[in-house]
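Following: one structure in structure tokens, then a few remarks.
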Amino acid sequence: MALKNLFALVVLLSVVGASVAKPYGNPLGNPRLKGDLDLDYYRFRCPQMESIVHRVTFQYVSRRPTLAAALLRMHFHDCFVRGCDGSVLLKSPNNDAERDAPPNLSLRGYEVVDAVKSALERKCPGVVSCADVLALVARDAVAVIRGPWWPVPLGRRDGRISRLSEANLPSPFADVKTLKKNFLVKGLNSKDLVVLSGAHTIGVSSCGLISSRIHNFTGRGDFDPAMDPSYVRALKKRCKPTDVRTPVDMDPGSARKFDSHYFNIVAQKKGLFISDSALLNDFVTKRYIQTQVVTRGASFERDFSDSMVKLGFIQILTGRKGEIRRRCAFVN
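Residue numbering for the sequence shown is -21 to -1, 1 to 311, as defined by mature numbering (1 follows the signal peptide of the UniProt record, and there is no 0).
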């Protein structure tokens, strides 16, 4: 009788549209960072959600492939400040939100997130959080350019707070000790640091971020000795001392393809940022780079998938915390 009653309950739940949760446990292993998400979270709440996200993301990224790197970066910047709560998307009338912080002024792709959210609001109003939208858009944007795919457990809620003063992101000028500390605070380890740095295989930076490194590293008109001299000469031809705008590929020779080529570049002392070169100054991160070079990136896509799942769990809001924003740039 008990089994029959249980079976009847399951059938009833499926009829009324309730979801039997399949929680995806928090992989961070940090008791201070609690919360489970669910791969099937919107299965009954908004069944067409993922297909809508993919369709709209494809429309934008297929026309402008450089948006893949931009949207991936936006997701990273969101998660590293107050957690993956969509706070980087919020606007402030006083220009004092996260998106107004210097590291975020170059973020692009807000229009993609807004278009996806608008499409979802038409289909399932008040259901899908902006934090989940950003996590999915980042994944699908990378998939559009034939990069790795990773599962995105869902159920995040949106934060209501976004402060410029809190946007203390890992710096491209940081040494490896500082970078490891930045990641550890978020529940990510040294492997996650080097794996996620591999996202620099796509996208561009600007001359302004490397000018001192190649023109006047110690104030004596020299360049960073951690860089290959031939690479410095090539960069100097592209970036004059006063140039802050010209774009520079982060992975020269393969900046439009998501692959493991970035690790070859770093191993050759051609990492664009100090933070790239710094990965050679730690045993764990250097060994990972060498392994990817020797094996031609045999495990990189799988490792990247694993680290992206972990990233997506940083300080998430679930349950009754936060809200589901109607518009991603504004609290309800």
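Cβ atoms here follow ideal geometry from the backbone N, Cα and C, with glycine treated the same way.
The C-alpha of Arg299 is placed about 34 Å away from the C-alpha of Ser176.
Distance from the Cα of Pro6 is smallest, within the candidate group Phe309, Ile295, Asp201, Arg305, for Ile295.
Its chain contains Cys186, Thr225, Val227 as the residues whose beta carbon lies nearer than 8 Å to that of Arg217, once the 5 sequence neighbours on both sides are disregarded; these appear in chain order. If you look at Val227, you'll find it in the beta strand (DSSP E) that goes 226 to 228.
Excluding five sequence positions before and after Arg87, the CB atoms of its chain that fall closer than 6 Å to its own CB belong to Ala49, given in chain order. In this model, Cys25 and Asp64 are separated by some 20 Å (Cα to Cα).
Asn243 and Arg266 have their C-alpha atoms roughly 13 Å apart.
Annotated as distal: His33 and Leu113, with beta-carbon spacing of 8 Å or more.
In the assembly as shown, Pro132 is a buried residue. Its beta-carbon has 16 or more other beta-carbons within 10 Å.
Annotation: Arg78 to Leu148 spans about 12 Å, alpha carbon to alpha carbon.
Within its own chain, the residues whose Cβ lies closer than 7 Å to the Cβ of Thr36, once the five positions on either side in sequence are excluded, are Val91, Val95, Val116, Asp119, Ala120, Val123, listed in chain order. In this structure, Leu214 sits near Ile189, with a CB-CB distance shorter than 8 Å. Cβ-Cβ separation between Ile303 and Arg101: approximately 15 Å, too far for a contact (criterion under 8 Å). Rounded to whole angstroms, the Cβ separation of Thr180 and Ser233 is 6 Å, and the two are in contact under 8 Å. According to the DSSP assignment, Ser185 belongs to the beta strand (DSSP E) that extends over 183 to 185. A direct Cα-to-Cα measurement between Ile268 and Thr45 gives close to 25 Å. Three or more Cβ pairs closer than 8 Å define a contact, and the segment 191 to 209 falls short of that threshold against the segment 160 to 177. Look at Phe309 here: in three-state DSSP terms it is strand. By the 16-neighbour rule on beta-carbons within 10 angstroms, Ser141 is buried. In the three-state scheme derived from DSSP, where H, G and I count as helix and E and B as strand, Asp17 is classed as strand.
Listed in chain order, the non-local C-beta contacts of Phe196 below 6 Å within the same chain comprise Phe202, Asp203, local neighbours out to five positions each way being set aside. In this model, Val211 and Leu251 are separated by some 10 Å (Cα to Cα).
Distance from Leu68 to Ala308 at the Cβ level is roughly 6 Å; contact confirmed, criterion being Cβ atoms closer than 8 Å.
Straight across, the Cα-Cα distance linking Tyr3 with Asp15 is about 6 Å.
Of the other Cβ atoms in all chains shown, fewer than 16 fall within 10 Å of the Cβ of Leu84; this residue is therefore exposed.
Judged by DSSP secondary structure, Glu280 falls within the alpha helix (DSSP H) whose first and last residues are 279 to 290.
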